[in-house]
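**Student:** Numbering (full-length UniProt numbering), first residue to last: 1 to 141.
#1: Using C-beta distances below 8 Å, list every residue in its chain close to residue 81, excluding the 5 sequence neighbours before and after it, in chain order.
#2: Looking at the unbroken beta strand (DSSP E) that takes in residue 93, where does it start and where does it end?
#3: For the beta strand (DSSP E) that residue 24 lies in, which residues bound it at each end?
#4: Measuring CA to CA, which of 106, 30, 95 and 119 is closest to residue 56?
#5: Return the Cβ separation of residue 119 and residue 67 in integer angstroms, given the expectation that the two are a contact with Cβ distance under 8 Å.
#6: Give a yes or no on whether the C-beta atoms belonging to residue 63 and residue 101 are separated by under 8 Å.
#7: Tell me which same chain residues have a C-beta within less than 7 Å of the C-beta of residue 60, skipping the five on either side of it?
This is the structure we're talking about:
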């Protein structure tokens, strides 16, 4: 069944409403990658509107779902602003149905800010957390 222009418009509207910015669909003989600019809606949040310092590293979601700052069986979040973390540390989860995908720190450093709101719908590449990387030779305590 070919993808129709009305299907594309409907998908774009669904993506925009859900806060997901990209979807890829492949069928035999055709593929579609739809990217929706969600920038203006994201800028409404003061945390998101603040520019990240040039030296910051951003932990991003690798999948689409709902952001969780804490494990569902615990009250305490994985990390808090000011906390020092190592590369690969779990800093949050994305809930996809009954599955949970970890969000990991791309660099060692100090958590500068948690950008995403707990429970918010996130898409692939959505910024979750801003990290100030450690300067070379700085140990994690």
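Glycine included, C-beta positions come from ideal geometry on N, C-alpha and C.
All values derive from a computational prediction rather than experimental measurement.
**Tutor:** The relevant details are as follows:
#1: Along the chain shown, read from residue 1 onward, the residue named residue 81 stands at position 81. Only 111, 112, 113 and 114 meet the Cβ criterion.
#2: Position 93 of the chain shown, counted from the first residue, corresponds to residue 93. 90-96 is the span of the beta strand (DSSP E), which, as asked, contains residue 93.
#3: As a working mapping, residue 24 is identified with position 24 in the chain shown. Segment 22-27, the beta strand (DSSP E) holding residue 24.
#4: Locating residue 56 in the chain shown gives position 56, where the first residue counts as 1. Nearest C-alpha to residue 56: 106.
#5: In the chain shown, residue 119 corresponds to position 119, counting from 1. In the chain shown, residue 67 corresponds to position 67, counting from 1. Between residue 67 and residue 119 the Cβ distance is about 7 Å, and since that is below 8 Å, they are a contact.
#6: Within the chain shown, numbered from 1, the residue matching residue 63 stands at position 63. Within the chain shown, numbered from 1, the residue matching residue 101 stands at position 101. In this structure, the beta-carbon distance from residue 63 to residue 101 falls below 8 Å.
#7: Taking the chain shown and counting its residues from 1, one reaches residue 60 at position 60. Taken in chain order, the residues that qualify are 125, 126, 127 and 128.
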